[in-house]
Amino acid sequence: MRDIKQVVLEVLQAILPITLAVLIMQLTVTRMPPNLIIQFVIGAIMATTGMALFLLGVKIGLLPMGEAIGSELPKRGALIHMLAIVFLIGFAVTIAEPDVIVLTDQVDTVSGGAISQNLLIYVIAIGIGFFTAMAIFRIVSGFPITYLLLFGYAIVLTLSFFSPSDYVAVAFDSGGVTTGPMTVPVILSLGIGFTSVLAGKSAISDGFGLIGLASIGPIIGIMLLGMIMG
Amino acid sequence: MTEIVILEGAGDTFLHVLRSLLPLLFIFLVFQFLFLKLPREYVLNLVKGLLLSLVGLALFLQGVKIGFMPVGRAMGETLGTIEYKWLLIPFGFLMGFLATFSEPAVRILSDQVEKSSSSFIPKKMVLGTISIGVATLVTLGVTKIVYGIPFLYIIIPGYIVALILIWLSDRTFVSIAFDAGGVATGPMAVTFLLSMAVGIASTMDDRDPVTDGFGLIALIALAPILSIMLLGIIFGKKLKKMEEEK
Chain A
1 MRDIKQVVLE
11 VLQAILPITL
21 AVLIMQLTVT
31 RMPPNLIIQF
41 VIGAIMATTG
51 MALFLLGVKI
61 GLLPMGEAIG
71 SELPKRGALI
81 HMLAIVFLIG
91 FAVTIAEPDV
101 IVLTDQVDTV
111 SGGAISQNLL
121 IYVIAIGIGF
131 FTAMAIFRIV
141 SGFPITYLLL
151 FGYAIVLTLS
161 FFSPSDYVAV
171 AFDSGGVTTG
181 PMTVPVILSL
191 GIGFTSVLAG
201 KSAISDGFGL
211 IGLASIGPII
221 GIMLLGMIMG
Chain B
1001 MTEIVILEGA
1011 GDTFLHVLRS
1021 LLPLLFIFLV
1031 FQFLFLKLPR
1041 EYVLNLVKGL
1051 LLSLVGLALF
1061 LQGVKIGFMP
1071 VGRAMGETLG
1081 TIEYKWLLIP
1091 FGFLMGFLAT
1101 FSEPAVRILS
1111 DQVEKSSSSF
1121 IPKKMVLGTI
1131 SIGVATLVTL
1141 GVTKIVYGIP
1151 FLYIIIPGYI
1161 VALILIWLSD
1171 RTFVSIAFDA
1181 GGVATGPMAV
1191 TFLLSMAVGI
1201 ASTMDDRDPV
1211 TDGFGLIALI
1221 ALAPILSIML
1231 LGIIFGKKLK
1241 KMEEEK
């Protein structure tokens, strides 16, 4: 399979530089215990192998799966059904996203339980579900994405002045963290699959931006949460 | 002598990834049986791919956790104590670039952009732009930790600039830019760069590693938004020139 060779090459290109950089650092500047270096090399090999398998799996499985669902969506019933399904997909993949669990756990600990992990997970998941649905709605309605992004981030900036600063910090982090390596190919291919079956829409001009829009959701959600609780 | 840790927490990692996979699989199967009715071998292949990505991601995450996280922390701690503070700048830049360069989701996005634009926007260009953007802001973030600049002073003007750029940049690039912001904060960046930042912060008395760490992630998310939109401005000019030459 030529695919495999291509992926392996890509992964080597990706991880080798950082591995070499760290090793060079170790020889020159840092003085880490040898066991740590061995652990690092093992970890780097695992990461390389893992990434190769992952990218392969994404190519064969995840991306086609997302595109299949995305391209099927417009054929099924009313807009409201589509949006509900997309909301559910966004919600479901976020609830289970490892990064979300890690982040909310940290926040729960750091805030001494004031911000409960479960509440935060739901707020983030609802935020993502809602904004992903809005992103799909935007594609259908043709409303320019630039306005939505502008509007969304303008609200984010405004809220950042009113929300307590701890919540603001967590909010901005959650926006980036919540779109992890598993959800990204899915949402990406969902958008691309979706636009591919709509007349007059192309993947390059309309298919992207879902992740960007979805990320706004948790940021606003958590800052609002902060304003309610604070 | 510190022990070599390889499989600690591997079970948890695997289960976490599995958990994130199940909703997807479930939704797809629902779609498949109700609507899609794709041929069986095709679906089998899809599920095979899903399993591959499950194993692959779990392996990757574990490798990053046991390899890159402690090393990042150790590097950060060492660098936080060196005399020549200015060295942190090239160092932060290099690490920021390399960590993003190795991020799987960044490559997936770059690849999709190239495919969807029929190679008009090459994958290497997207990858490079995102990596350089993150490198720049990581440098800023590291400087922020060392010199104690408040997080909001950097992030708020950053997002204001982003809003301005939305007006100026080509529409397609705006969408890609905000997507890029989401993907840059992936496991490599968040684990390695974060632990580095925490390492640096821990060597300074009045820094709170948690706040500084949190702030860095937000900067990493902002960086590609700015750099890709800047790329969009350049492309926009290029496109205009092409139109005028027609």
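Chains as they are written, first to last, in the working numbering: chain A, 1 to 230; chain B, 1001 to 1246.
Note that beta-carbon positions come from the ideal geometry of N, C-alpha and C, so glycine has one too.
None of the values given here were measured: they were computed from a predicted structure.
- For B/Phe1120, the secondary structure class from DSSP, reduced to helix, strand or coil, is coil.
- According to the DSSP assignment, A/Tyr167 belongs to the alpha helix (DSSP H) that extends over Ser165 to Val177.
- When the beta-carbon positions are compared, B/Phe1178 and A/Leu149 come within less than 8 Å of each other.
- Following the DSSP letters along the chain, one finds A/Thr195 inside the alpha helix (DSSP H) bounded by residues Thr183 to Ser196.
- The C-alpha of A/Leu73 lies about 11 Å from the C-alpha of A/Ile80.
- Contact between B/Pro1104 and A/Phe54 holds: CB atoms are separated by about 6 Å, below the 8 Å threshold.
- Per DSSP, reduced to three states, the secondary structure at A/Ile128 is helical.
- Chain-ordered listing is empty here: chain B has no CB closer than 7 Å to the CB of A/Thr132, the nearest sitting near 11 Å.
- DSSP, read as helix, strand or coil, puts B/Gly1011 in helix.
- Under a criterion of Cβ atoms nearer than 9 Å, the residues of chain A adjacent to B/Thr1078 are, in order, Met25, Val29, Thr30, Arg31 and Met32.
- Cα atoms of B/Lys1037 and A/Gly70: separation of roughly 15 Å, rounded to the nearest angstrom.
- Collapsing the DSSP output to three states places B/Asp1205 in coil.
- Between A/Asp105 and chain B, the shortest Cβ-Cβ separation is not below 8 Å.
- With a threshold of 8 Å between beta carbons, A/Glu10 makes contact with chain B.
- DSSP places A/Val29 in the coil class of the three-state scheme, outside both helix and strand.
- The Cβ-Cβ distance between B/Thr1191 and B/Met1075 does not fall below 8 Å.
- For B/Asp1179, the enclosing alpha helix (DSSP H) has its first and last residue at Arg1171 to Ala1184.
- Chain A has no Cβ within less than 8 Å of the Cβ of B/Ser1202.
- A/Met51 has a beta carbon lying within less than 8 Å of a beta carbon in chain B.
- Proximity to B/Asp1205 across B/Ile1027, B/Gly1148 and B/Met1196 peaks at B/Gly1148, based on C-alpha coordinates.
- Among the residues facing chain B, A/Asp173 is included, as its CB has a counterpart in that chain under 8 Å away.
- For A/Ser215, the enclosing alpha helix (DSSP H) has its first and last residue at Leu210 to Met229.
- Using a Cβ-Cβ cut-off of 8 Å, B/Phe1178 is close to Leu149, Gly209, Ile211, Gly212, Leu213 and Ser215 of chain A, given in chain order.
- Annotated three-state conformation of B/Ile1082 is coil, per DSSP.
- For the pair A/Gln26 and A/Ala44, the Cα-to-Cα distance works out to about 15 Å.
- Annotation: the continuous alpha helix (DSSP H) that includes A/Pro34 extends over Pro34 to Gly57.
- The beta carbons of B/Tyr1153 and A/Tyr153 sit no closer together than 8 Å.
- Within the same chain, and ignoring the five residues on either side of A/Thr48 in sequence, the residues whose Cβ sits closer than 6 Å to its Cβ are Val11 and Ile15.
- Counting only residues of its own chain and dropping the five nearest sequence neighbours on each side, A/Gly226 has a CB closer than 6 Å to the CB of Ser163, Pro164 and Tyr167.
- Following the DSSP letters along the chain, one finds B/Pro1150 in no alpha helix (DSSP H), marked with neither H nor E.
- The count of Cβ pairs closer than 8 Å, one atom from the stretch 1180-1200 of chain B and one from the stretch 1094-1101 of chain B, reaches three, so the stretches are in contact.
- Counting only runs of at least 4 residues, the stretch 1032-1097 of chain B fully encloses the following alpha helix (DSSP H) elements, listed from N- to C-terminal order: 1040-1063 and 1069-1080.
- Look at B/Lys1237 here: in three-state DSSP terms it is helix.
- The beta carbons of A/Ile124 and A/Pro218 sit closer together than 8 Å.
- In the structure shown, the three-state DSSP call for B/Ile1228 is helix.
- Looking at the backbone, the Cα of B/Ser1110 and that of A/Arg76 are separated by about 30 Å.
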